[in-house]
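1 is the number of the first residue of the sequence shown in the UniProt record's numbering; add one for each residue after it. All C-beta atoms in this analysis are idealised placements derived from N, C-alpha and C, irrespective of residue type, glycine included. Nothing here was measured: the structure is a model prediction, and the numbers come from that model. Data first, discussion second: the structure below is written as C-alpha cells.
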Amino acid sequence: MDEPRHNPFASPLAEDAPFPVSETAGAPRADFYRSTQDLGRKLRVAFGVMICLTFAAMATGAWHIATVAQTWGQPEMGPAESADLLVSLLILVVYIVLVVMYCKWHYRSYRNLTSFGVEDARYTPGWSVGYYFIPIVSLFKPYRAMKDIYNGSAGEPVEQAAGVVAAWWTAFIAMNLIENGASRMVMRADTVETIQAAGVVYLVANAATVIAAFLAIGLIREVDARQRARGVALGFESPPADRRFTIE
C-alpha cells in the first residue's frame, strides 16, 4: 500500500513542522529555554511610549478638528496639521520598533513551551508569529497561539478559556477595524465636515489603541510571570532574590 503523499499546502501545525515540538513534547528541555523577562520589560516600556504618543495624537487630532475650517483650502499646512503629522511620524517609528520587539518576544515565549514539555502546542514558534501577517487567518490564529503561550506556560490545557487573552485580542481587532474605517473616511473626505467626521473616528481609534496597549502590557507581564515561575520550578532559572533583607 502506497504511503500518503505529503501535501505542500497543508497547514503548518506543530506536528508537521521541522521544529522539534512533537519530538520533545512531555520531556522538559533546558536547552530550548530562554528567559523572556528582560525582553518583556523592554516591550512593556515600548507599549508605554506608544500610549503616551497616542494621547499626544488625540490632542493634536482634536486641535486639527477644531481648526480645519480655518485652514481648509490653504496651500500650506496649519500648525495643527503640522503637529499632527509630527506625532504620526513618531508613532510610525515606535510602531515599527514595537512590532519587531513583540515578534521576538512572542517567538521566544512560544519556543519556551517546548522547554516546558507542553504536548498540545498547535503551531511552531515561527508560524505562531507569521500568522499575524497572513490575511484572514490573522483574525484568529494569533489568538489561539497566544492562548497556547498563556495556558501552556502554566501547565494548563491550551484550549482552556483565558479571559485576559480574549479581552486583549478583542481590543486589538476592534482597534484595527476602527483605524481602517477612519482611513477610508479620510481618503474619501472632500469637505470640512467629512474631514472632521474622519477625525472623530480617529479619536475613537486612538482610544481603542490605548485600551489594547494597556491590555497588552498586562498580558505580557502575566505571561512573563508564568514562564518565570515554570522555569524556576523546572530548574531552568534561579528563584528571584528576596530583596527585603538585601544590604546595599
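In its own chain, which residues sit with a C-beta less than 8 Å from the C-beta of S153, not counting the 5 before and 5 after it? S109, N112, L113, F116, V223, R226, Q227, R230
Using a Cβ-Cβ cutoff of less than 6 Å, which residues in the same chain neighbour N206 once the five nearest sequence positions on both sides are dropped? T54, A57, M58
A233 versus P157 - alpha carbon distance: Their Cα atoms are separated by approximately 18 Å.
How do the region 63-78 and the region 121-139 stand: do at least 3 beta-carbon pairs fall below 8 Å, yes or no? no
Give every residue of the same chain whose Cβ lies closer than 7 Å to the Cβ of V64, excluding the five residues on either side of it in the sequence, and list them in chain order. Here residue 64 is His; the residue named in the question, Val, does not match the sequence. Only residues of its own chain outside the window of five on either side were considered, and among them A80, E81, D84, G199 have a CB closer than 7 Å to the CB of H64, listed in chain order.
How long is the line joining the alpha carbons of S22 and E159, rounded to whole angstroms? Because S22 carries a pLDDT of 38, less than 50, the predicted location of this residue cannot be relied on, and no value is offered for it.
According to DSSP, is Y33 part of a helix, a strand, or is it coil? coil
Which residue wins for smallest C-alpha separation from A174, given the options P125, Q74, T209? T209
If you compare alpha carbons, which of I134, S138, R122, P135 is closest to N151? R122
Assign T24 to buried or exposed, taking buried as 16 or more other Cβ atoms, counted over all protein chains shown, within 10 Å of its Cβ. Only weak support is given to the placement of T24: the predicted model assigns it a pLDDT of 41, under 50, and the value that follows is read from those uncertain coordinates. Label assigned to T24: buried.
Start and end residues, alpha helix (DSSP H) containing V97: 79-115
The alpha helix (DSSP H) spanning Q227 covers which residue range? 192-233
Whole-angstrom C-beta distance between M50 and residue 258, which should lie under 8 Å: The structure shown does not extend to residue 258, since the chain spans only 1 to 248, so no value can be given for it.
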